[in-house]
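In the working numbering, the protein residues as written are 887 to 1250. Structure first, commentary second.
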């Protein structure tokens, strides 16, 4: 327990230090190419999608379900947390001394994030209980329909701005790195610890053979719903942070292709591999943002923007992966401290062999 508390405090401290360093680097223009746009595109957005990919990996990869509704949970967390801050919490700041404003805002942001994550988890539970009796393509179709229903619902609710979008949200996340990194690390830590526990063995049993797992006494429906609920919670929390950094959200931010992109990240990294979800989540979003920076191409008398072909690029990457590496980049493997320790030992041994003096055979 003490070790876990120490690791938690260490993670918070590292996130806080990196946040301060990045703020100084961006605002002080330490690096020519590092500005507000590139910082958001290559740091914040990848961290957000790593959280989405790792949380979906718990459902699709570790438990073996096929959900396409992650964008719906993402939207529920964003809209409901934003609704809480806009309609209920902004009045709490009136009359508070300026010296306490930042602390109160941080507390309200945490509360709004918990509300967004909790609402998404509740929605995941309500959706999961009836739909997770389905399997394979039927589950995918049901969850895809749920995601579209949520998007259309918020698109028509005047309370949340309808098609005009929900604006005027307090931008309490500020620079953003600390909160985004803290959520990402929390998501990875929870999924990693869960996978290494006895509950993780139950999740894997459901993935490998659901009938055999039931025969051995594993409550498969319980674990499928639990994975669905936990994954939805982190997606909702990610949506809450998005809303409170951007200051405005729109239904188009939660369209169907968001779910498809996140599924692509899980498949590309290796279904069941948390490390793979991290690498693929960050890599694909950085690739997408890099395409936006490429100049316009003139072809056959038309101007073509490379970023317009991002879905084609994603599809090509996925096809090549399925051909040459069907299990994904990492398969079911994980990288951890033990992996780096073994790598260092190999490097030391190989360097020791090269440096060892050669003994000449005796003459004659």
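By construction, the Cβ of each residue, glycine as well, lies at the ideal position given by its N, Cα and C atoms.
{"Check": "Check residue 1220 in the structure and name its three-state DSSP category.", "Outcome": "coil"}
{"Check": "Between which two residues does the beta strand (DSSP E) holding residue 1183 run?", "Outcome": "1183-1185"}
{"Check": "From which residue to which residue does the beta strand (DSSP E) around residue 1190 run?", "Outcome": "1188-1190"}
{"Check": "So, are the CB atoms of residue 1177 and residue 1192 less than 8 angstroms apart?", "Outcome": "yes"}
{"Check": "Leaving out five residues on either side along the sequence, give the residues of the same chain with a beta carbon under 7 angstroms from the beta carbon of residue 1047.", "Outcome": "1053"}
{"Check": "Entirely within the stretch 944-1014 and at least 3 residues each: give me those beta strand (DSSP E) ranges in chain order.", "Outcome": "none"}
{"Check": "Would you say the stretch 1028-1048 touches the stretch 894-905, given that touching needs at least three Cβ pairs under 8 angstroms?", "Outcome": "no"}
{"Check": "Is residue 935 closer than 8 angstroms to residue 1151 when the C-beta atoms are compared?", "Outcome": "yes"}
{"Check": "If you pair each beta-carbon of the stretch 1116-1127 with each one of the stretch 1016-1025, do three or more pairs fall below 8 angstroms?", "Outcome": "no"}
{"Check": "Skipping 5 residues on each side, what residues in its chain have a beta carbon closer than 6 angstroms to that of residue 1091?", "Outcome": "1099 and 1104"}
{"Check": "DSSP three-state label for residue 1052, please.", "Outcome": "strand"}
{"Check": "Could you check which residue in 1183, 1175 and 1164 has the C-alpha nearest to that of residue 1197?", "Outcome": "1175"}
{"Check": "With a cut-off of 8 angstroms, do at least 3 Cβ pairs link the stretch 1136-1144 to the stretch 959-966?", "Outcome": "yes"}
{"Check": "Decide if the stretch 1214-1221 is in contact with the stretch 1154-1165; the criterion is three or more beta carbon pairs, one per stretch, under 8 angstroms apart.", "Outcome": "yes"}
{"Check": "Who pairs with residue 1209 in a beta bridge, going by DSSP?", "Outcome": "In DSSP, residue 1209 forms no bridge with anything."}
{"Check": "Since I believe residue 1007 is in contact with residue 933 (beta carbons under 8 angstroms), could you give me their beta-carbon distance rounded to a whole number of angstroms?", "Outcome": "With 8 angstroms as the limit, residue 933 and residue 1007 do not qualify as a contact, their Cβ atoms being about 21 angstroms apart."}
{"Check": "I need the straight-line Cα distance from residue 964 to residue 1233, nearest angstrom please.", "Outcome": "47 angstroms"}
{"Check": "Looking only at C-alpha atoms, which of 966, 1058, 1106 and 955 sits nearest to residue 994?", "Outcome": "1058"}
{"Check": "As a quick exercise: from 1108, 969, 1172 and 1045, pick the residue whose alpha carbon is nearest that of residue 928.", "Outcome": "1172"}
{"Check": "Here's a check: name, in chain order, each residue in its chain whose Cβ is nearer than 6 angstroms to the Cβ of residue 1083, leaving out the five neighbours to either side.", "Outcome": "none"}
{"Check": "Measure the C-alpha to C-alpha separation of residue 909 and residue 1061 and round it to an integer number of angstroms.", "Outcome": "7 angstroms"}
{"Check": "Considering only the alpha carbon of each residue, which of 1114, 1067 and 1070 lies closest to residue 1089?", "Outcome": "1114"}
{"Check": "With a cut-off of 8 angstroms on the beta carbons, I'd call residue 1014 and residue 1111 a contact; round off their distance for me.", "Outcome": "4 angstroms"}
{"Check": "Does DSSP put residue 1253 in a helix, in a strand, or in coil?", "Outcome": "Within the shown structure, residues of the chain are numbered from 887 to 1250, placing residue 1253 beyond reach of any answer."}
{"Check": "Exposed or buried, what is residue 1137 when buried is set at 16 or more other beta-carbons lying within 10 Å of its beta-carbon?", "Outcome": "buried"}
{"Check": "Starting from residue 1178 and walking both ways along the alpha helix (DSSP H), at which residues does that stretch end?", "Outcome": "1160-1179"}
{"Check": "For residue 1170, does the count of other Cβ atoms within 10 angstroms reach 16, so buried, or fall short, so exposed?", "Outcome": "buried"}
{"Check": "In terms of residue numbering, what span does the alpha helix (DSSP H) encompassing residue 1141 cover?", "Outcome": "First-last for residue 1141: undefined, no H or E at that position."}
{"Check": "Find the nearest neighbour of residue 1121 within the set 1183, 956 and 912, judged by alpha-carbon distance.", "Outcome": "956"}
{"Check": "Can you grab the Cα-Cα spacing for the pair residue 1094 / residue 905, in whole Å?", "Outcome": "41 angstroms"}
{"Check": "Check for me: the alpha helix (DSSP H) holding residue 1027 runs from which residue to which?", "Outcome": "1022-1042"}
{"Check": "Does the separation of the CB atoms of residue 945 and residue 1074 fall below 8 angstroms?", "Outcome": "no"}
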